[in-house]
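This report concerns only the one structure given below.
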Amino acid sequence: MKTSFLDKKLLSDAVKASFVKLNPKVQWGNPVMFVTWLGALVVTLITINLIATGASFSFELQIALWLWFTVLFANFSEALAEGRGKAQAESLRKTRSSSMARLLKNSVETSINALDLRKGDAVVCETGDVIPGDGEVVDGIATVDESAITGESAPVIRESGGDRSAVTGGTRVISDKIIVRITADPGHSFLDRMISLVEGSKRQKTPNEIALGILLIALTVVFLLGVVTLKYFAEFSAKAANQDLSQIVTVPVLIALLVCLIPTTIGGLLSAIGISGMDRLVRKNVIAKSGRAVEAAGDIDVLMLDKTGTITLGNRMASAFYPAPNVTEQALAEASQLASLSDETPEGRSIVILAKQKFAMRAERLEPHLAEFVHFTAQTRMSGVNIKEKDGVRVLRKGAGDSIEKYIIGLGGVYPQQVRESVENVARKGGTPLVVTDGAQVLGVIYLKDIVKGGIKERFAELRKMGIRTVMVTGDNPLTAAAIAAEAGVDDYIAQATPEMKLARIREEQGRGQLVAMTGDGTNDAPALAQADVGVAMNTGTQAAREAGNMVDLDSNPTKLIEIVETGKQLLMTRGALTTFSVSNDVAKYFAIIPAMFATLYATQGSTGPLGKLNIMGLHSPQSAVLSAVIFNALIIILLVPLALRGVEYKPLGANAILKRNILNFGVGGLIAPFIGIKLIDVIIVAIGVA
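So the working numbering is basically just the index in the sequence shown, starting at one, shifted up by 1435.
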């Protein structure tokens, strides 16, 4: 669900929340804005006293109002970010309806409320049933509609005993029957975590936010000391010059100066940046268990990616037939097609299609009642068909090269050296070789090509520009792995990978000070997911994998890891850019207020004093200068809210290039914008007679 910034309900709720957040207990959580809140309160009390004594109060009242607007605009930015998350959470809650569950205990089935289920309970789900909670399929296989969670309309298969056993509460069974063991108590499911995340209700400050917060507090303290002592320096200088600055250097003016100089812009937008960064991740259907994980994604140095389904399409396609000596390509194609007729895998279908395309074969002469199809098993690593003929049974098999070699030798046949060479050549090309036999005779090799995803090489090149290395992880032999790695453009690869090898590689990289991200879905991936700095578990994976990772991808798309890294980068870039803008703003505000306040100091015969020469903006008066700066300080927060929520435009650049771009765009921009804005506001407020 996407919510527009201009949604009326969202804006009205954010405005209401802005006033609720004026509570000092809420403001205390943001020291910079708390100082602004205190300043607004003090100036308000001074204004009330002026009104009570009958003194002029127009200037002080305007200062007070704009200081309150500064706090309200900061509250609004945070409330708007939270509101977008709450709107999305509301749509997620609709999927978490209070349904009934069929509890299975001691082989007896009873109906209970889904909210009464506890971790470890077993429930029965059949066609049409809503799965009542997160769990693992412990018995059966079923087709499940997960569109309510992932937005993907295509149903998926969930079955017991594999890496696709996990189910999510709120999804619906559309065929068959499964028994699910509940793995989360009410309030602790992935849907509950997602709702809490997008609402921001349980968002904790990340280490980077805490560090930046400390820096902002330090700057605030420095400016506070500077403004407090400025009062005494002003009095001393005025006395030495035999002048009276008491009507210019007042408490409201000093408070306005303080608020303008402290980093209120980034202070007001900091929470919104963090919330919206996590919100962007949620919109990609990724649950992060903490904001720390999102930020870590932005600092990643090494990406470990599975080959199948991430770098390659995962569906290997038949590309060519390589016949054995004294065998025609057509004979090999015919046997390959017959051996693949019962193979419903994409690879099997592609073999049938390739034979049809090359030789117009349709297996028309095969009598179904005379064929006995032999399906693939992990033990034999072969499949095929037994065809009854007049002079006996024709036995056709296709399978992995080593399995077929053992099979042929067991039959007393000969495995040709030319076929071994064809198998090696296919592997060197990055393909998968399948050897075909007719009885004890080897007919040749089918070349299954593993298709590298379009554009993936360019994506890896972009990551390389950002200083991120990519490591492909595959169970393929080294020859195939090397060929795919070269075609995809990865920096390194791990062939014939085992869980222990993955874990060892992650620790090796971390030992060199690198931050590592990886994906996984099986129980054997859990140690590596737990060790990685960013471990993205597939929602379709096992419970062990989902618990070990610090992120869960509800779409179960391994390629999502690249998007997660980009989201983390964008979050860090946005925070850095707006911090740069906020700090550089202070220079212009200094030139706006200080020269105007002390323009008459040490002046003779009605001329301006030495500091008046620094009034390069030519502001009308000390009062108009102060008021213009305060107004600009408030308005810039609200003007930057869309950027804080949307994020700075992401571009795959290196750290130095990003730093240069931020300094140029937001450093120089932050320096120039206040000069233009404050001058424009000064002209307007003088023209309308409010200063």
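Note that the Cβ used here is the ideal one computed from N, Cα and C, for glycine as well.
A Cβ-Cβ contact shorter than 8 Å links ILE1486 with PHE1492.
The Cβ atoms of LEU1831 and LEU1773 lie closer than 8 Å to each other. DSSP, read as helix, strand or coil, puts MET1936 in helix. Contact check for SER1453 against LEU1507 passes: the beta carbons are separated by less than 8 Å.
Judged by pairs of C-beta atoms under 8 Å, the region 1689-1709 touches the region 1462-1475, as three or more such pairs exist. Counting along the chain, ILE1576 sits inside the beta strand (DSSP E) bounded by residues 1570-1580.
Separation of the CB atoms of ASP2117 and ALA2060 is rounded to 7 Å, and the pair is thereby assigned contact status at 8 Å. Note on ILE1649: under 16 other CB atoms within 10 angstroms of its CB, so exposed under the neighbour-count rule. Ranking THR2015, ARG1940, THR1872 and ARG1727 by CA distance to the CA of LEU1846 puts THR1872 first.
Under the three-pair Cβ rule at 8 Å, the region 1679-1687 counts as touching the region 1658-1671. Note on geometry: alpha-carbon atoms of THR1482 and ALA1691 lie some 14 Å from one another.
The C-beta separation of GLY1879 from LEU1767 comes to about 4 Å, placing the pair in contact by the 8 Å criterion.
Beta bridge pairing from DSSP links THR1685 with no other residue.
Sorting GLY1848, GLN1876, VAL1849 and GLY1834 by C-alpha distance to the C-alpha of VAL1858 places GLY1834 at the top. Contact annotation: the region 2081-2099 does not touch the region 2055-2071, with fewer than three C-beta pairs closer than 8 Å.
Around the C-beta of ARG1863, fewer than 16 other C-beta atoms lie within 10 Å, and the residue is accordingly described as exposed. For GLN1876, the uninterrupted beta strand (DSSP E) run begins and ends at 1876-1884, by DSSP. One alpha carbon belongs to ALA2069, the other to PHE2110, and they sit about 15 Å apart. Under DSSP, the beta-bridge partners assigned to GLU1561 are LYS1612. Bridge partners of VAL1721 according to DSSP: ASP1988. Unbroken alpha helix (DSSP H) stretches of 4 residues or longer found wholly inside the region 1440-1514: 1443-1455, 1459-1462 and 1466-1488, given in chain order. Buried is the label assigned to ASN1643, since at least 16 other Cβ atoms lie within 10 Å of its Cβ. Across the structure, HIS1804 and ASP1826 are spaced so that their CA atoms are roughly 17 Å apart.
Here PHE1756 is bridged, per DSSP, to ILE1881. Annotation: ALA1967 is outside any beta strand (DSSP E) and is labelled neither H nor E by DSSP. When secondary structure is reduced to three states using DSSP, ILE2123 falls in the coil class, being assigned neither helix nor strand. It is roughly 38 Å from the alpha-carbon of VAL1450 to the alpha-carbon of GLY1970. If you ignore the 5 residues before and after THR1471, its C-beta comes within less than 7 Å of the C-beta of LEU1502, THR1505, VAL1506, VAL1694 and THR1699, all in its own chain and listed in chain order. For GLU1944, same chain residues with a beta-carbon under 7 Å away, outside a window of 5 residues either side, are VAL1737 and VAL1951 in chain order. Rounded to whole angstroms, the separation of the alpha carbons of VAL1543 and ALA1536 is 13 Å. Shown here for PHE1794: same chain residues with a beta carbon closer than 6 Å to its own, the five before and five after excluded, namely GLN1765 and ALA1768 in chain order. The C-beta separation of LEU1869 from VAL1820 comes to about 15 Å, leaving the pair out of contact by the 8 Å criterion. Around the beta carbon of PHE1671, fewer than 16 other beta carbons sit within 10 angstroms, so the residue counts as exposed. DSSP, reduced to helix, strand and coil, places GLY1955 within a strand of the structure shown. Between the alpha carbons of PRO1851 and PRO1758 lies a distance of about 11 Å. DSSP links ALA1770 through a beta bridge to no other residue.
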